[in-house]
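Undergrad: One structure, as structure tokens, below. Some questions next.
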Amino acid sequence: MPKNTGGFGNVTDAAAVFYEMEIVPIQQRMLEVNEWLRVEAVRFERPGVAMQVAK
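With our numbering, the residue at position 44 of the sequence shown is 27, and numbering never jumps.
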């Protein structure tokens, strides 16, 4: 077990990148259910840890 945990990086940044690279693509695929059903049955909100995306 390392005694210096500083080498693991910033946890918040890592979580934000993980969300964008792994979770968002899964959510986009799951949103296709709305098209199949023709109603909004699935909806997601961006968590606070997510990267800020320009609109």
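By construction, the Cβ of each residue, glycine as well, lies at the ideal position given by its N, Cα and C atoms.
Cα-Cα, which of Gln11, Asp(-4), Glu18 is closest to Phe27?
TA: Answer by Cα proximity: Gln11.
Undergrad: In chain order, what residues of the same chain have a beta carbon less than 7 angstroms from the beta carbon of Phe30, not counting five sequence neighbours either side?
TA: Note that residue 30 is Pro in the sequence shown here, rather than Phe. Only Tyr2 meet the Cβ criterion.
Undergrad: Throw me the rounded Cβ distance for the Val41 and Leu14 pair, which I believe falls under 8 angstroms.
TA: Residue 41 lies beyond the residue range present for the chain, which begins at -16 and ends at 38; the question has no answer from this structure.
Undergrad: In its own chain, which residues sit with a C-beta less than 8 angstroms from the C-beta of Val32, not counting the 5 before and 5 after it?
TA: The residues are Thr(-5), Ala(-2), Ala(-1), Tyr2.
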